[in-house]
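Quick note on our numbering: the sequence shown kicks off at 349 and runs consecutively. A quick write-up on the structure given underneath.
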Amino acid sequence: MIRKSFKKAGFSGKAALVLSTWFGAGLMPVAPGTFGTLASLPVVLFSWYLGPLFETLFLLILILVALWASGLSRRLIGADDPPAVVIDEAAGFLLSLFLVPHSWVTLTTAFVLFRIFDIWKPFPIRRLEKVGGGAGIVLDDLAAGVYANLCLRIGMYFFG
């Protein structure tokens, strides 16, 4: 379905499909969301290396690009929330790590927490999917990222 959409799309449609599948990570036949999250690790590590200002800029830019690319890809593919669209996972994962101390422990813990909240979708995350369009695709993952970030901070407060 993605390949047909890609062939028919113009330049901006092709760009949206490449970005929304997070450069192909979403095309994995099993667990595309997990692979999309893993594929965002280079962006996380690079933003950590550059510091908090760039971490903030990367996150804001990624959210805006995710809203645009998800909305356009959704229309091109003809599905409300195509599994191959995983740029929202990348944005949510970056948000789960936003301005937390950098370590492999926080990275791993944030990954696990984000995937749990993204799959489980506790209140009100599931409701956000019903917003529709690119926003509906992205907002639930951002909320999962907020939940993961808060849990990570609470865990760091109590357990160091």
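Where a beta carbon is used, it is the ideal one built from N, C-alpha and C, also for glycine.
Check, Outcome
"Short Cβ contact (7 angstroms threshold) for residue 368 with residue 444", "no"
"Opening and closing residue of the alpha helix (DSSP H) in which residue 503 lies", "481 to 507"
"Where residue 466 sits in the DSSP three-state scheme", "helix"
"Unbroken stretches of the alpha helix (DSSP H), 4 residues or longer, contained in the stretch 377 to 460", "380 to 387, 389 to 398, 400 to 425, 435 to 444"
"Same chain, Cβ closer than 8 angstroms to residue 469, neighbours up to 5 away in sequence not counted", "477, 488, 492"
"Three-state secondary structure (DSSP) of residue 354", "helix"
"Residue interval of the alpha helix (DSSP H) (run including residue 511)", "Within the shown structure, residues of the chain are numbered from 349 to 508, placing residue 511 beyond reach of any answer."
"Meets three-Cβ-pair contact criterion under 8 angstroms: the stretch 352 to 367 and the stretch 416 to 430", "yes"
"Alpha-carbon spacing of residue 482 relative to residue 434, whole angstroms", "12 angstroms"
"Same chain, Cβ closer than 7 angstroms to residue 462, neighbours up to 5 away in sequence not counted", "385, 440, 441, 444, 492, 493, 496"
"Distance between beta carbons of residue 448 and residue 500, contact taken as under 8 angstroms", "6 angstroms"
"Other residues of its chain near residue 421: CB distance less than 6 angstroms, five sequence neighbours each side excluded", "364, 365, 368, 433"
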